[in-house]
């Protein structure tokens, strides 16, 4: 990312860079396998907002610094201070929930590029993304039952929506590490490539996404989110989003490009 532009971030353990159409958010604590601390949770909504506000950014990639981990979980070394009382634990949960909400509601496509360990909170972050691309030596797991932690219903539901109830129970009951191949079989990740090819593959995937119409992708994201709400789904919102696509300049551009047999240039308007 030699041409990447770095953005200021409040946490020294998070990096934000824009490289062409890609916004890169990096969990930057390689000495602790990118274990997430409170300041890192706090910085996530800030970074996502910056990327969402920049029309040049078409897709957002989350990754871990170094080659050992995507995110190896929450930074347990902070727990005695940050989660030792009910009030402190509630504050920690509130901050991490705000980060999860910002990721879930991000208007732009998000990809987790996973190398090495993706454990506990790392899995929660990864499944909050739209797509997960992993190296073939990546490891996945949720060790809550080894730590005596209770896992909140929203997080469990998000995992169950993705992999189903049986695999969700297996992941929690065993607390073991699953291989990338096993994770793909479960539906936990979308693609598995070699470690050496991971970044290049992800960049090419991003280029494919960045070529497409932003309004269409945002409509799809929000429609899928409504579908997963079941009987609470806002179908009127879904209909309105579709109409907005048909009323957009990008729809005109898409039609004309198709007829003229050329590549469309979408502007997200």
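In our numbering, the protein residues as written are 1 to 269. Idealized CB from N, CA, C, for every residue including glycine.
Simplified DSSP state of residue i, which is helix, strand or coil
{"i": "residue 86", "result": "helix"}
{"i": "residue 32", "result": "helix"}
{"i": "residue 5", "result": "strand"}
{"i": "residue 153", "result": "helix"}
{"i": "residue 99", "result": "helix"}
Proximity winner among the options, relative to residue i (alpha-carbon distances)
{"i": "residue 196", "options": "136, 249, 240", "result": "136"}
{"i": "residue 213", "options": "179, 252, 181", "result": "252"}
{"i": "residue 33", "options": "175, 265, 114", "result": "114"}
{"i": "residue 150", "options": "31, 89, 234", "result": "89"}
{"i": "residue 144", "options": "129, 161, 122, 162", "result": "122"}
{"i": "residue 4", "options": "24, 13, 10, 11", "result": "24"}
Cross-strand partners of residue i (DSSP beta bridge)
{"i": "residue 309", "result": "No statement about residue 309 is possible, as the shown extent of the chain runs from 1 to 269 and does not include it."}
{"i": "residue 74", "result": "36"}
{"i": "residue 178", "result": "140"}
{"i": "residue 110", "result": "60"}
Same chain only: Cβ atoms within 8 Å of residue i, ignoring 5 sequence neighbours per side
{"i": "residue 22", "result": "57, 58, 59, 60, 61, 203, 206, 210"}
{"i": "residue 254", "result": "213, 264, 266"}
{"i": "residue 235", "result": "226"}
Residues near residue i in its chain [Cβ-Cβ closer than 6 Å; skip 5 each side]
{"i": "residue 155", "result": "124"}
{"i": "residue 107", "result": "52, 218"}
{"i": "residue 171", "result": "142"}
{"i": "residue 167", "result": "186"}
{"i": "residue 188", "result": "163"}
Residues near residue i by beta carbon distance below 7 Å, same chain, minus five either side
{"i": "residue 271", "result": "No statement about residue 271 is possible, as the shown extent of the chain runs from 1 to 269 and does not include it."}
{"i": "residue 99", "result": "41, 44, 45"}
{"i": "residue 190", "result": "131, 132, 133"}
Span separating the alpha-carbon of residue i from that of residue j
{"i": "residue 27", "j": "residue 73", "result": "11 Å"}
{"i": "residue 192", "j": "residue 184", "result": "7 Å"}
{"i": "residue 165", "j": "residue 173", "result": "12 Å"}
{"i": "residue 231", "j": "residue 127", "result": "23 Å"}
{"i": "residue 112", "j": "residue 103", "result": "11 Å"}
{"i": "residue 117", "j": "residue 227", "result": "31 Å"}
{"i": "residue 38", "j": "residue 259", "result": "52 Å"}
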